[in-house]
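Notes to accompany the following structure.
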Amino acid sequence: MIEIKTPQEIGKMKNSGKILSASLLAVREQIKPGQTTFALDKIAEKVIVDYGAVPGFKGYRGFLNATCISVNDEIIHGIPGDRILKDGDVVSIDSGVLLDGWFSDSAFTVIVGGRAKKEDRKLVEVTERALYAGIDAAKIGNRVGDIGFTIQQYVESFGFSVVKDYTGHGIGRHLHEDPSVPNFGKHGTGIKIRVGLCIAIEPMVCAGSDELFVESNGWTVKTVDHANAAHFEHTIAITENGPEILTAWLGD
Ligand code: MG
Ligand code: MG
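Residues in the sequence shown are numbered consecutively from 1016, following this note's numbering.
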């Protein structure tokens, strides 16, 4: 069932989203060679808790951390730990916030240090642009399939592939709600986009094949061909004025 949110509820989600973007920004500033993924997770958690909010991922299906940190061929759901980041690593940070009963969810990918490979830079750039293309497609009167169609067309035009087995999602009082928001699809299919719909759009893009597997830890999703992957995500609300990003970074 799709829960349509009131402007007041969207306001609460925006407050949640502001804390999340502050937390992600703090993490981004500390991503450097020699840093462990666990240390980055602690930075995210501290910002969220200092604002009086709750890390939205902690406790979700038994997940123990505030963030998922996925490196190189890890697409999503990487578990923070003692892994030390190296120059040129492609690192995706995904996190969520629960504030006053309302969730937000957002992710970004960066390349560690100054030695980025050209193809990795392209992968990250295309994934980020795919997210904004998807957000632009979330117009009132369009359908959810239009978002996936737009993302897929854009990503595949660069020879990259979109993940099919994991999708974006509705969001609100729960981290994951209906509808599912795939990163692929057909024009004019799926439910209609209307005012009050709140969704997380999150292209997960592989430099090679979209074939994936889940690691033995039961969480981390990796590419079978070990090609690198990137992930960008925003929580958005459909308002009278169209899609509004609730997890926009300061200055966005
Ligand atoms: Mg997320
Ligand atoms: Mg999500």
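Every residue, glycine too, gets a C-beta built ideally from N, C-alpha and C.
Which residues DSSP lists as bridging G1344, in chain order: The shown model of the chain, from 1016 to 1267, leaves out residue 1344, and the question about it has no answer.
Pairwise C-alpha distance: K1047 and A1139: Before going further, note that residue 1139 is Val rather than Ala in the sequence given. For V1139 and K1047, the distance between alpha carbons rounds to 17 Å.
CB of L1190 within 9 Å of CB of L1113, strictly: yes
CA-to-CA distance, T1142 to D1267, given in whole angstroms: Residue confidence is low: D1267 scores 48 on pLDDT, short of 50, so the model does not pin down where it sits. Its coordinate-derived value is still stated next. Approximately 17 Å between the Cα atoms of the pair.
Enclosing alpha helix (DSSP H) for S1036 [first to last residue]: P1022 to E1044 is the extent of the alpha helix (DSSP H) around S1036.
For D1267, three-class secondary structure by DSSP: At D1267 the pLDDT is 48, less than 50, meaning the model places this residue with poor confidence; the figure from the coordinates comes in the next sentence. In this structure, D1267 counts as coil in the three-state DSSP scheme.
Beta-carbon spacing of K1033, A1252 below 9 Å: Cβ atoms of K1033 and A1252: not closer than 9 Å.
Bounding residues of the beta strand (DSSP E) (the contiguous stretch that carries T1124): Run containing T1124: W1117 to I1126, per the beta strand (DSSP E) assignment.
Whole-Å CB distance - Y1169 paired with V1236, under 8 Å assumed: Not a contact, Cβ separation roughly 22 Å.
Outcome for G1149 when other beta-carbon atoms lying within 10 angstroms are tallied against a minimum of 16: Taking a 10 Å sphere around the C-beta of G1149, we find 16 or more other C-beta atoms and assign the residue as buried.
I1025 to G1187 span [Cα, whole Å]: 9 Å
Supposed close pair I1090, A1242 - CB separation, criterion 8 Å: Between A1242 and I1090 the Cβ distance is about 10 Å, and since that is not below 8 Å, they are no contact.
H1184 CB to nearest heavy atom of ligand 2 below 8 Å: yes
Terminal residues of the beta strand (DSSP E) in which L1114 lies: V1105 to L1114 is the span of the beta strand (DSSP E), which, as asked, contains L1114.
Proximal residues to E1053 (C-beta, below 7 Å), its chain only, five neighbours per side dropped: Note that residue 1053 is Phe in the sequence shown here, rather than Glu. So the qualifying residues of the chain are P1095, G1096 and D1097.
Length-filtered (4 minimum) alpha helix (DSSP H) runs lying within the stretch 1158-1242: 1159-1171
Status (buried if at least 16 other CB within 10 Å, exposed otherwise) for L1227: Counting every other CB atom within 10 Å of its CB across the protein chains shown gives L1227 a total of 16 or more, marking it as buried.
CB contact flag (S1038, L1265, <9 Å): Cβ atoms of S1038 and L1265: not closer than 9 Å.
With 16 other Cβ atoms within 10 Å as the buried cut-off, status of I1099: exposed
CA-to-CA distance, T1238 to G1203, given in whole angstroms: 30 Å
Any non-hydrogen atom of ligand 2 closer than 8 Å to H1191 Cβ: Correct: H1191 has its Cβ closer than 8 Å to ligand 2.
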